[in-house]
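Counting in my numbering, the sequence shown runs from 3 upward without gaps.
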Amino acid sequence: MMDTEFIPNVKFSSISEIYPEINQLEQITRYKSLISVFEKLYNRKPKFIARSPGRVNLIGEHIDYAGFGVLPMAISRDLIIAVDITNEENDMKVRIANILNEKYPSKSWEYEGKEKIVEIKVEEGVSEWENYFKSGYKGILQHLSLDKPKGMYCLVDGSIPPGAGLSSSAAYICSVIIATCFANDVKVTKTKITETAIIAERFTGMNAGGMDQTVSIFSLKDHASYIKFLPSLTATPIKLPSVNPSIVFVVANSLITSDKVVTAPTNYNLRVVETKLAAYHLGKSLFNNPCENLKQVCDLYSNSEEVSIENLIKLSNYVDNIYKENQEGFTLDELSSLLNLKHDEINNKFIGKFPIRANKFQLYKRSKHVFEEASRVLKFYELCLNEDKRENIVKELGNLMNESHKSCKELFNCSCDELDELVKICLDGGAFGSRLTGAGWGGCTVSLIYESDIDKFIRYVTEKYYNIKFPNLSKDELENVIFATSPGCGAAIITNL
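Structure below.
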């Protein structure tokens, strides 16, 4: 993973460096429209545009915050921000607006000094669009510690459907961070930007992992990324198998929206807590050494920081054995007895400021999913590295995706009826593998097919899912809910406007 200073200068005439050929004319029109609206709104021209892509996770769901590697790729859908900066010395005001002004009203705020920077109000069950901007802004300025950051005029446009599991929130925050860096003429490494973005998303009330931010910043065009978080953050570009006919991934939106912030107490944040509780207990039972995450359990078990498929499977079997008397979860009282911790100690150690609600904590199901999903990521990665040695590589990759969805559904309980139905339809329509992607509880599926079958596959899924459940979707709307994608590039600054 190259950790060069991140001040990219991708010329507008070289938009092919960012987007696949089939999307380039559409994107040129989009950028011109953004600039035009910016000029009408602010009566000035933007100096640059910051963009960060969404991502689709090919395999490795809900294991990044447990410390294990994942295998996502950037998509062409992204979030872009047109920006102009103020030259007045004492103007440090930030003004933001959105192309969808009726849905996302314009906001502004003043810089409140190095200590506070900006106030972010987080209410349980409420997701405010400006909080994502404020979070990225606050996160990077905490790192930069500037006396007088530049005031900014900003106009936002996103093509990543929110709540679809394609990492719209991380793309938003990453775009804000690189925009703020560029506006203030500071150089920050890609690793530092990624680490800042991970921390910054937590200001919104989300206990973020790290996969989304890493792929948004580090991705290379035409490559997926094998991302590892421990012992340090690394992103290894990896070519997907070159087969004939060539393969492609189709993203299909279930149109069931899951707002991670609103549902976090019973979904995302709860899963983070459950994996940490499992790590504490497994480390204690195996080594008399409570662990911070399940990757640390694996490291101690292997006596190495390198993860192996063999040891992950052994740990999965151990989980079967240690939780054989209780595979349906522990009440808080039972958990207190199991861990030898008082209720307030559990709250302080594992929950903290991130709210959760649960009747039972599922240590068995969550830990088993994590260990087995981590093994599937390694198998997927090794298949891509050794494609010339595997005759049925496309089927093998598809099978791993299918196993992943089954585990997300049955062990991690992060699927929903509509996602399960959509996965089945995709498989019936010819996909080699199909699975939910992203946090789950709604959002998208990703399916592996031959590129030559794109039109036929999309027609089938449209007929069996969208025409029945959402018969009033227009052609343009359908193109936004089901689309083929190949690996795209990561975040960029475009200055030649």
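No residue lacks a Cβ here, since even glycine has one placed at the ideal position from N, Cα and C.
If the five residues before and after G56 are omitted, its C-beta is found closer than 7 Å to the C-beta atoms of I77, R79, D80, I162, L168, S169, S170, A173, all from its own chain and listed in chain order. Judged by their CB atoms, T497 and N59 are not nearer to each other than the 8 Å cut-off. As the crow flies, the alpha-carbon of N349 is around 12 Å from that of L272. CA-to-CA, the gap between Y383 and D390 works out to about 14 Å. About 7 Å separates the beta carbons of C446 and S256, which is inside the 8 Å limit, making them a contact pair.
Looking at L399, L413, P357, E327, the one whose alpha-carbon comes closest to that of V372 is L413. Look at S318 here: in three-state DSSP terms it is helix. W131 carries a helical assignment under DSSP once its states are collapsed to helix, strand and coil.
Taken atom to atom, the span from the alpha-carbon of E294 to that of L302 is near 12 Å. Contact annotation, R378 with I61: C-beta distance approximately 6 Å; criterion of less than 8 Å satisfied.
Going by DSSP, I61 is part of no alpha helix (DSSP H) but of the beta strand (DSSP E) stretching over 50-61. Burial state of D66 is buried, judged by a 10 Å Cβ sphere holding 16 or more other Cβ atoms. Pairing S177 with I82 gives a Cβ-Cβ distance under 8 Å. 8 Å or more divides the Cβ of I195 from the Cβ of G212.
About 5 Å separates the beta carbon of L157 from that of A84, a gap short enough to meet the 8 Å contact definition. When the alpha-carbon of D224 is set against those of V274, N361, G490, the nearest one is in G490. In the DSSP assignment, R46 falls outside any alpha helix (DSSP H), carrying neither H nor E. Residue pairing of L475 in beta bridges, as defined by DSSP: absent, with no partner found. Our two residues, K47 and A185, have alpha carbons roughly 14 Å apart in a direct line.
Within 10 angstroms of the beta-carbon of D149 lie fewer than 16 other beta-carbons, which makes it exposed. Looking at the backbone, the Cα of V448 and that of V483 are separated by about 12 Å. For T259, same chain residues with a beta-carbon under 6 Å away, outside a window of 5 residues either side, are G165, G444 in chain order.
G153 sits close to V96, with the two beta carbons spaced by under 8 Å.
In the structure shown, the three-state DSSP call for L450 is strand.
C-alpha of F231 to C-alpha of K278: approximately 16 Å in a straight line. Taking C-alpha positions only, Y113 is separated from V72 by approximately 37 Å.
The region 322-334 makes contact with the region 352-367: 3 or more CB pairs, one atom from each, lie closer than 8 Å. Of the residues K351, L340, L43, Q298, the one whose Cα lies closest to the Cα of N313 is Q298. Taking the Cα positions, Y320 is about 30 Å away from F356.
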